[in-house]
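Worksheet: one structure, shown below.
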Amino acid sequence: MEFEQTKRILAAFDRHRVDYVLVGAMAMAAQGVVRATRDIDVVVSAEARNVDRLKTALRELFDDPEIDNIRADELAGEYPAIQYVPPAGDFWIDIVARLGEAFRFADIESEDLVVDGVRVRVATPRMLYRMKKNTVRPQDRLDAQILAERFDLREE
Amino acid sequence: MPVRKFRSVADMPPPPPLLPLDPQNLKLACELSTTASRLRPLRFPAGVHKHHSLDEALRLRRSWGA
Chain F
2 MEFEQTKRIL AAFDRHRVDY VLVGAMAMAA QGVVRATRDI DVVVSAEARN VDRLKTALRE
62 LFDDPEIDNI RADELAGEYP AIQYVPPAGD FWIDIVARLG EAFRFADIES EDLVVDGVRV
122 RVATPRMLYR MKKNTVRPQD RLDAQILAER FDLREE
Chain V
36 MPVRKFRSVA DMPPPPPLLP LDPQNLKLAC ELSTTASRLR PLRFPAGVHK HHSLDEALRL
96 RRSWGA
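So the sequences go chain by chain: F and V. Each number in my numbering comes from the position in the first sequence (counting from 1) with 1 added on. Each number in my numbering comes from the position in the second sequence (counting from 1) with 35 added on.
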């Protein structure tokens, strides 16, 4: 993920008022726990108008008819997780409307970060910890452990 | 900066933690990611991939070698 590309994506989300929160490795990085990643993970509101705004933002960035295949009814229903790989194929965007039954957009605590004038909505350390602590993925469990130590979240 | 000597790597202090929400953090992560991509370039199948769950998405991502 190149920095300028990442900023362009987040700036387009902000410009088009997409209801999203950055989670995953980029959110970990924003909170000071940096590692390499090949994707941007966002939790979005699956509300139809928001998904329209998301698609408008993506279309502004990528000349790709595939973007039309992102559908609000599917995000809200059968397919709550979408991976969008832009035409160049060198990274992807994870677009998630809910994680199991535990977390939806409205449940995600976030805080703002401003990077070169771009407002970025980032999940809080406590939220990232809650999202990661009970998953089966080893990287998530490691992230949860680091967050617990760094932000004194052990009791949660 | 003075030379500091340690009997073991385990005795060496970790680097100071990065400040949360420092705007430089994202840049650092992206630079690290760009370096990782150059060391091990991968291409992923372009398009929209839909999943019933995050676990399903994770399985696809593993199949890409990522």
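No residue lacks a Cβ here, since even glycine has one placed at the ideal position from N, Cα and C.
Buried versus exposed, by CB contacts within 10 Å (16 or more), residue i
i      : result
F/F106 : buried
V/R78  : exposed
V/L74  : exposed
F/V52  : buried
V/G100 : exposed
From the options, residue whose alpha carbon lies closest to that of residue i
i      : options                       : result
F/D108 : F/L114, F/V115, F/A98, F/D117 : F/A98
F/E79  : V/S98, V/H87, V/R94           : V/H87
F/I147 : V/H84, V/R42, V/L53           : V/L53
F/F152 : F/N135, F/D65, F/R131         : F/R131
F/S111 : V/A45, V/P55, V/M36, V/S43    : V/P55
F/D42  : V/P50, V/K40, V/V44, V/R96    : V/R96
V/E91  : F/G118, F/R120, F/L100        : F/L100
F/P81  : V/K85, V/L93, V/S98           : V/K85
Closer than 8 Å: residue i CB and nearest the ligand HEM heavy atom
i     : result
F/A82 : In the structure on display, the ligand HEM does not appear, and there are no ligands present to speak of.
Proximity below 9 Å, CB of residue i to CB of residue j
i      : j      : result
F/E31  : F/V123 : The sequence shown places Ala at residue 31 of chain F, rather than the Glu named in the question. Contact flag set, yes.
F/V45  : F/M128 : no
V/S111 : F/A13  : Because chain V here runs from 36 to 101, residue 111 of chain V falls outside it and cannot be looked at.
F/Q84  : F/I94  : yes
F/L144 : F/M27  : Reading off the sequence shown, one finds Asp at residue 144 of chain F, where the question assumed Leu. It is not a contact, given that the beta carbons lie outside the stated cut-off.
F/A47  : F/A73  : yes
DSSP three-state assignment for residue i, whether helix, strand or coil
i     : result
F/V52 : helix
V/G82 : strand
F/Q32 : coil
F/L23 : strand
According to a CB-to-CB cut-off of less than 8 Å, which residues of the region 58-81 of chain F neighbour chain V? D65, E67, I68, N70, I71, E75, E79, Y80, P81
Please list the residues of the region 62-86 of chain V that have a C-beta atom closer than 9 Å to any C-beta atom in chain F, keeping them in chain order. K62, L63, A64, C65, E66, L67, S68, T69, T70, A71, S72, P76, L77, R78, F79, P80, A81, G82, V83, H84, K85, H86
Contact residues within the region 111-128 of chain F, judged by C-beta distance below 8 Å to chain V: E112, L114, V115, V116, D117, V121, V123, P126
Contacting positions in the region 79-98 of chain F - beta carbon closer than 8 Å to chain V: E79, Y80, P81, A82, I83, Q84, Y85, V86, P87, P88, A89, G90, D91, F92, W93, D95, V97
Would you list, in chain order, the members of the region 27-60 of chain F that have their beta-carbon closer than 9 Å to a beta-carbon of chain V? M27, M29, A30, A31, Q32, G33, V34, V35, R36, A37, T38, R39, D40
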